[in-house]
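Residue numbers (this note's numbering), protein chains in the order written: chain A, 1 to 497; chain B, 1001 to 1497.
Working notes for the structure below.
Protein chains: 2
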Amino acid sequence: MYRKRIKLEKLLNKVVDADAAAALIKDGMVVGMSGFTKAGEAKVVPRAMSKRAEKDPFKITLMTGASLGNSIDANLAEHGVLARRMPFQADPVLRKAINAGSVKFVDQHLSELAEHLSAGQITPVDVALIEIAGIDEDGGLVLSTSVGNSAAFLASAKHIILELNTAIPEGIRGFHDIYRPKLAPNREPIPVLASASQIGTPTVHVDVDKIDAIVVNHEIDSPASIFDPDAETGAIAGHLVDFFHNEVKHGRMTNSLFPLQAGIGSVANAVLQGFLNSPFENLTMYSEVIQDSAFYLLDSGKLTFASAAALSVTAEMLERFFTNLETYRGRILFRPQEISNNPEVIRRLGILAINTALEADIYGNINSTHVNGTHMMNGIGGSGDFARASRIAVFVTKSLAKDGKISSIVPMVPHVDHNEHDVDILVTELGLADLRGLAPRERPPVIIRNCMHPSYQDMAMDYFERSLKGNGQTPHILGEAFSWHIRLKETGSMLPK
Amino acid sequence: MYRKRIKLEKLLNKVVDADAAAALIKDGMVVGMSGFTKAGEAKVVPRAMSKRAEKDPFKITLMTGASLGNSIDANLAEHGVLARRMPFQADPVLRKAINAGSVKFVDQHLSELAEHLSAGQITPVDVALIEIAGIDEDGGLVLSTSVGNSAAFLASAKHIILELNTAIPEGIRGFHDIYRPKLAPNREPIPVLASASQIGTPTVHVDVDKIDAIVVNHEIDSPASIFDPDAETGAIAGHLVDFFHNEVKHGRMTNSLFPLQAGIGSVANAVLQGFLNSPFENLTMYSEVIQDSAFYLLDSGKLTFASAAALSVTAEMLERFFTNLETYRGRILFRPQEISNNPEVIRRLGILAINTALEADIYGNINSTHVNGTHMMNGIGGSGDFARASRIAVFVTKSLAKDGKISSIVPMVPHVDHNEHDVDILVTELGLADLRGLAPRERPPVIIRNCMHPSYQDMAMDYFERSLKGNGQTPHILGEAFSWHIRLKETGSMLPK
Chain A
1 MYRKRIKLEK LLNKVVDADA AAALIKDGMV VGMSGFTKAG EAKVVPRAMS
51 KRAEKDPFKI TLMTGASLGN SIDANLAEHG VLARRMPFQA DPVLRKAINA
101 GSVKFVDQHL SELAEHLSAG QITPVDVALI EIAGIDEDGG LVLSTSVGNS
151 AAFLASAKHI ILELNTAIPE GIRGFHDIYR PKLAPNREPI PVLASASQIG
201 TPTVHVDVDK IDAIVVNHEI DSPASIFDPD AETGAIAGHL VDFFHNEVKH
251 GRMTNSLFPL QAGIGSVANA VLQGFLNSPF ENLTMYSEVI QDSAFYLLDS
301 GKLTFASAAA LSVTAEMLER FFTNLETYRG RILFRPQEIS NNPEVIRRLG
351 ILAINTALEA DIYGNINSTH VNGTHMMNGI GGSGDFARAS RIAVFVTKSL
401 AKDGKISSIV PMVPHVDHNE HDVDILVTEL GLADLRGLAP RERPPVIIRN
451 CMHPSYQDMA MDYFERSLKG NGQTPHILGE AFSWHIRLKE TGSMLPK
Chain B
1001 MYRKRIKLEK LLNKVVDADA AAALIKDGMV VGMSGFTKAG EAKVVPRAMS
1051 KRAEKDPFKI TLMTGASLGN SIDANLAEHG VLARRMPFQA DPVLRKAINA
1101 GSVKFVDQHL SELAEHLSAG QITPVDVALI EIAGIDEDGG LVLSTSVGNS
1151 AAFLASAKHI ILELNTAIPE GIRGFHDIYR PKLAPNREPI PVLASASQIG
1201 TPTVHVDVDK IDAIVVNHEI DSPASIFDPD AETGAIAGHL VDFFHNEVKH
1251 GRMTNSLFPL QAGIGSVANA VLQGFLNSPF ENLTMYSEVI QDSAFYLLDS
1301 GKLTFASAAA LSVTAEMLER FFTNLETYRG RILFRPQEIS NNPEVIRRLG
1351 ILAINTALEA DIYGNINSTH VNGTHMMNGI GGSGDFARAS RIAVFVTKSL
1401 AKDGKISSIV PMVPHVDHNE HDVDILVTEL GLADLRGLAP RERPPVIIRN
1451 CMHPSYQDMA MDYFERSLKG NGQTPHILGE AFSWHIRLKE TGSMLPK
């Protein structure tokens, strides 16, 4: 059945099995693979690579769009195939290897990997390993459920291996908008003027002579692990809806707001779902992923258009998308992440950026990545691309973690991914802190009072007030700034015994 | 003599003395003033404001382009006129007031203030107080030695006070390129395609009915306090020239490099001066300020074009510019800082961004602003605008400060302005660390070996090696991470007794 999807006949003889394709990947190579948050990664070739490594150990640098599904990262890490990994991951097994130092993880802004490749700032790709849904008569590649960095890898690679996924409906053709910025110094503006701007082509055009192998798979993406909205995420959404409603009342935006971006994960997904019951109309989204919440908003009519680099949905939602493609055509576009996350477009469109914080400090600095300042969780992802260039940068987190043993608001974050210059609004289930126009010293009272759990408030105010005696633009007591984290490590709780 | 500079005759009757103009500024107002690194600030009206405050105390929020010359910030701070100041300053007296908490300082990316004003994210401007060199027949305002945020303030303000500076040659008309981005959601690309792109008008068009007063001054800008290049800045320049030369050899750029940005201050100025003896040709600059070094490069023919938001030069260089305007016409443009520092343009042009670090840590995080983590030096300025969106982000610093009592490379910076994601190259007089593509754990050995002064190297390697035992993506010992800073505060030196 796969033959009709390869419309350029001369490529039919490139079809091989996964083992044969995996054999093309040599020790020390840089592999650029499709895949963005469990959507559209190559599936059978990576497994064949792991299998091969059992007898014939080899290591590669693996670049992707973002994280991968189907435990591909776990599988490759367990088999020792990964020497170096960039720009994002979210796998527990790989995370462990990264934190143990056995896999080198280069945690990058998601817009930048393609940029660095184009500029020759990092080692070029030897092999692009890309999942597709079909090949046009002219050799144009129809991508699958993500675009991510696939177009950049295909352009950079010496060799191309394709995984043709016959489980993806052919009707996905037309949901991709492939556009790559020219190389400096001959660059032109990226012509995206709105979320719905279609600026590129539906397929990726490559030098077909670089295609060394095509492997057929018939396997859907593994589902996003999204938790249902709960009382706390509902409260966060409520505060944010109130805030935007107030911005509308003050004439700073219309009732359609500005294009929304919501980070990957349960909290951001739940927050967006909260917009279902909002007074806003004709919303648009210019984001990196389309999560379940975006489909609910599209279905309700609240959201008119969603632009992203990939899907990131549950099994039910993937099924719903695949069986109702025509309903969504013209209302969803998948773009390369160098476009979805491009600071040029983000600033131009006036994006409202909503991202999740691991923890925030009393001055509004955000740690998005490092547990207790040292151990990698997932990576910075696109949060830096969006927060820095956005119209309003919102960070959300529940006020407590680990049954209250961890406060998500701390005196000083031990790792800074977003600093006070880039954080406009901080929200927990308890409330919202509007930091716009506030000097650092004005922030702790607002953050502590509005966002922090009462069980930590006195301790935080005490720290801040004692810090003030030392003066400064951002008062701190350096010998004590990490005392909560040190106590957590020593006793299992940030609360004193 | 001033009358011939006011070509729109109906404005001639708006000329008043400084005291009368100062009286228009009321307690609690937001004043948007011209001025960017000692260039083009209003001069006589601020002094009249201070004088008035002696008898009639009042406080304002003062917004500017960046820092101010002629001790205006000191004078206003001493007279208690400043309640709030943004987005940058570099004055010792004001700095003291900020660190004591008596002036609230909102330290912002320089590209963002105009953006926040346009979007209504911060309180709008009551009075724009802008230095000009003349008024056209059609009411168009010819700005003086900086553009900065002047166009944004003029657009936002309810009332306008102008200072007409007759010490500025009238020939400065034509050196400004005034262009303002439209308001979202109707924005279009900013059409800058190269440093030399002229996209706007030579004057600022305002509603002339908003002009309440014109005050004449005849006073040149105070000189930039630039130290001459020394052996260490020469060595930093040498490492950087070698690095770029190597990039050229590897085919990543031509011998004209990409447009250069160099931060404000002595080190960046000296580094740029080092390019005089480089093998590069036909360089261009797309920066925030044009310092003396840029003039040397223009005069030598090494630099073909310099775009910036302001001048920032010594008295001799200002004289040279004023007396040789025709030599520089068509080779220098002053732009609004929302354009000079715009992430869209910075990424498009592929800027090579060179900024000064106060200190860096062994993982490549940069503190640009906070002495010992708490006390404000100047502000982040444009370093964040440029580093994040640049092609290559370089940070430079001398390896030691205070006769060796301070190491500019530390285990962990106690304030993060630029994190590891945004720092490609770190340079001290001792050498250069190329951090591109390195995972955090790979960075300390390179930074310590290449950039750190030998008197601190063993201590830093010892810290890093002991940190490794705790594992993690970015190993640290939180209880010890700031021990160097704490020792400095307690004993006056980071070195153990």
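For each residue, glycine too, the CB sits at the ideal point set by N, CA and C.
Keep in mind it's a predicted model, so treat the numbers as computed, not measured.
query	result
In terms of residues, what are the limits of the beta strand (DSSP E) holding L1082 (chain B)?	L1082 to M1086
Please name the residue, chosen from A:I264, A:L298 and A:L297, that lies closest to E288 (chain A) on a Cα-to-Cα basis.	A:I264
May I have the straight-line CA-CA distance separating S225 (chain A) from A1235 (chain B), to the nearest angstrom?	53 Å
Could you list the residues in the region 1091-1108 of chain B with a C-beta less than 8 Å from some C-beta on chain A, going in chain order?	I1098, N1099, A1100, G1101, K1104, F1105, V1106, D1107 and Q1108
Using three-state DSSP, classify S1307 (chain B) as helix, strand or coil.	strand
Is the number of C-beta pairs between the region 17-29 of chain A and the region 42-54 of chain A that are closer than 8 Å three or more?	yes
Going along the chain, which residues of its own chain have a beta-carbon closer than 6 Å to the beta-carbon of S293 (chain A), five neighbours each way excluded?	N269, L272 and Q273
DSSP beta-bridge partners for H1176 (chain B)?	B:F1334
Between which two residues does the alpha helix (DSSP H) carrying F1386 (chain B) extend?	S1383 to A1389
Does any C-beta atom of chain A lie closer than 8 Å to the C-beta of A1231 (chain B)?	no
Since F395 (chain A) is in the beta strand (DSSP E), which residue starts that stretch and which ends it?	I392 to V396
Select from B:I1199, B:F1105, B:I1425 and B:V1044 the residue whose C-alpha is nearest the C-alpha of V1016 (chain B).	B:V1044
Using 8 Å as the threshold, is the C-beta distance between I135 (chain A) and I220 (chain A) below it?	no
Taking buried to mean at least 16 other C-beta atoms within 10 Å of its own C-beta, is G379 (chain A) buried or exposed?	buried
Run down chain A in chain order and give the residues with a C-beta less than 9 Å from the C-beta of N1471 (chain B).	N99, A100, G101, T374 and H375
Quick one: residues in its chain with C-beta nearer than 7 Å to the C-beta of I346 (chain A), no 5 flanking neighbours on either side, listed in chain order?	D385, F386, A389 and S390
For V1416 (chain B), which residues in chain A fall below 8 Å Cβ to Cβ?	N365, V416 and N419
Does the beta carbon of R1388 (chain B) come closer than 8 Å to any beta carbon on chain A?	yes
Does the separation of the CB atoms of L311 (chain A) and I290 (chain A) fall below 8 Å?	yes
Would you please verify whether the beta carbon of F88 (chain A) is less than 8 Å from any beta carbon of chain B?	no
Pick from B:A1152, B:S1399 and B:A1262: whose alpha carbon is nearest that of L1393 (chain B)?	As written in the sequence, residue 1393 (chain B) is Ala, which differs from the Leu given in the question. The shortest C-alpha separation from A1393 (chain B) is found at B:A1262.
Got a sec, what are the start and stop residues for the alpha helix (DSSP H) Q529 (chain A) sits in?	Past the boundaries of the shown model lies residue 529 (chain A); chain A is included only from 1 to 497, so the question cannot be answered.
Spell out whether any CB of chain B is found under 8 Å from the CB atom of F321 (chain A).	no
For F227 (chain A) and chain B, any beta-carbon pair shorter than 8 Å?	no
Identify the contact partners of F1305 (chain B) in chain A, using a Cβ-Cβ distance below 7 Å as the criterion.	Here the premise fails: no neighbours, minimum Cβ distance about 13 Å.
So E1188 (chain B) contacts chain A; which residues on that side make the cut at Cβ distance below 9 Å?	P189, L193 and R348
Going by alpha carbons, who is nearest to G101 (chain A) out of A:F464, A:L113 and A:A83?	A:A83
Run through chain A and tell me which residues come within less than 8 Å of A1184 (chain B), C-beta to C-beta.	F258, R348, L349, G350 and R391
State the beta-bridge partners of M33 (chain A) as determined by DSSP.	A:L129
In three-state DSSP terms, what is G1065 (chain B)?	coil
As a quick exercise: from B:I1132, B:P1223, B:D1230 and B:I1161, pick the residue whose alpha carbon is nearest that of S1148 (chain B).	The sequence given here has Gly at residue 1148 (chain B), not Ser. Comparing Cα-Cα distances from G1148 (chain B) to each of B:I1132, B:P1223, B:D1230 and B:I1161, the minimum goes to B:I1132.
Identify the residues that DSSP records as bridge partners of T1474 (chain B): which are they?	For T1474 (chain B), which the question treats as bridged, DSSP gives no partner whatsoever.
Can you find at least 3 beta carbon pairs, one from the region 176-195 of chain A and one from the region 323-338 of chain A, that sit closer than 8 Å?	yes
Would you decide whether N372 (chain A) is buried or exposed? Buried here means 16 or more other CB atoms lie within 10 Å of its CB.	buried
When burial is assigned at 16 or more other CB atoms within 10 Å of the CB, is R443 (chain A) buried or exposed?	buried
Are any of the Cβ atoms in chain B nearer than 8 Å to that of G479 (chain A)?	yes
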